[in-house]
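Using our numbering, count along the sequence shown one by one with no gaps and you end on 303. Data first, discussion second: the structure below is written as structure tokens.
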Amino acid sequence: MNIVLLESLAIDDTQLETYAQPLRAQGHDFKAYPRTNDTAALIEEAKDADILMLANMPLPLEVIEHCPHLKYINIAFTGVDHVPVAAAKSRGILVSNASGYSTRAVSELTMGMILTLLRQIREGDERCRQGMTKDGLTGYELFGKTVGIIGTGAIGMHTIKLCQAFGCNILAYNGFTPGKSEEGITYLPLYPLLEQSDVVILHCPLTDKSRNLIDKQALSHMKSSAILINTARGPVVDSQALADALNEGRIAGAGIDVFEMEPPVPSDHPLLSCKNILLSPHMAFSTAESMKLRAGIVFKNVNAFLSGSPENLV
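Dropping the structure here:
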């Protein structure tokens, strides 16, 4: 079969070859290309593929339409909203993801954002560099705070464990699939969760139900002292509504790792110029450890598909 990797998996060439060589030894053709947003170039690279592999690069439907032999799309990512999954399935093309590779990575960056905002770490760094003291900087402890987790899949549950280790009270909302309250976790409807939480964390997938979940109305239910963390998907939050809430002091702060588009973010994006926000360029999933784990998962997916027992189908 023709196996085509459309973008880097963020592992070195030697590691990539250790995965590709056994496939070639079995008689399969494996090609890897650098990432591109040029649809015509993608069509040329993918046109003969039986298997396509990619990470978080958007895959236009037009590319799939020019792949008459395509049988399987192997997404080296947890979210799959950047791939026309329904259209692929309608053509009999199987789709899998790499869920689980970044659970720890995303949860740890989430905690880093929370602590940076609560303890004013950036502001302290700036004071030191300007030869100033801490006068006027008084942060808040995470201990004893109520944390609302929106989305209790693997990442959400891991973040819950980390928050519990800090002594937090946990509320959860998982309106996408049913959630039952259990020891240490109380499930609530969305607005009551927002009203009671000191920290709100988004760990939900992007679906029709979650798109713009955190809009102007939802933000109006948050405490003025609360912070919002989004390490899920950008369109879960209405960015302009969030910028307005921050600029008007209706919530205290936000940590944002994801946007409506993959970075670079346009210079006129409302979150780039608003107050009390910590931004990162969609890096929560990316650690040396998670990239190695991801490569192992996606090539295991390929081998499972080739053996007739596909795994991690979406």
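Glycine residues also receive a C-beta, built at the ideal position from the N, C-alpha and C atoms.
Exercise for review: Per DSSP, which residues does Glu171 bridge with? Please list them.
Suggested key: Ile174
Exercise for review: Could you have a look at Val287 and say whether DSSP puts it in helix, strand or coil?
Suggested key: helix
Practice item. For Pro73, count neighbouring Cβ atoms within 10 angstroms of its own Cβ and tell me buried if that reaches 16, exposed if not. Key: buried
Practice item. State the Cα-Cα distance for the pair Ala87 and Ile266, rounded to the nearest angstrom. Key: 30 Å
Point to revise | Presumed contact (8 Å Cβ cut-off) between Asp187 and Val136, rounded CB distance | key: 7 Å
Check your understanding: Are the beta-carbon atoms of Thr148 and His210 separated by less than 9 Å?
Key -> no
**Study point:** Distance between beta carbons of Thr220 and Thr99, contact taken as under 8 Å
**Key:** 5 Å
Review point. Given 8 Å as the limit, is there contact between the segment 29 to 45 and the segment 253 to 270, that is, 3 or more CB pairs closer than that?
Key: no
Exercise for review: Grab the span of the beta strand (DSSP E) containing Ser85 for me, first residue to last.
Suggested key: Leu83 to Ser85
Practice item. Could you please give the first and the last residue of the uninterrupted beta strand (DSSP E) stretch that includes Met42? Key: Ile40 to Leu43
Point to revise | Spatially closest choice to Gln229 from Glu172, Ala241, Leu208 and Asp246, by CA coordinates | key: Leu208
Exercise for review: Per DSSP, which residues does Thr28 bridge with? Please list them.
Suggested key: Beta-bridge pairing links Thr28 to no other residue.
**Study point:** Three-state secondary structure (DSSP) of Asp257
**Key:** coil
Practice item. Tell me the start and end of each unbroken alpha helix (DSSP H) in the segment 196 to 260 that is at least 4 residues and wholly inside, in chain order. Key: 205 to 208 and 228 to 236
**Study point:** Same chain, Cβ closer than 7 Å to Ala9, five either side skipped, listed in chain order
**Key:** Phe19
Check your understanding: Rounded C-beta distance between Tyr90 and Leu282? I'm assuming under 8 Å.
Key -> 5 Å
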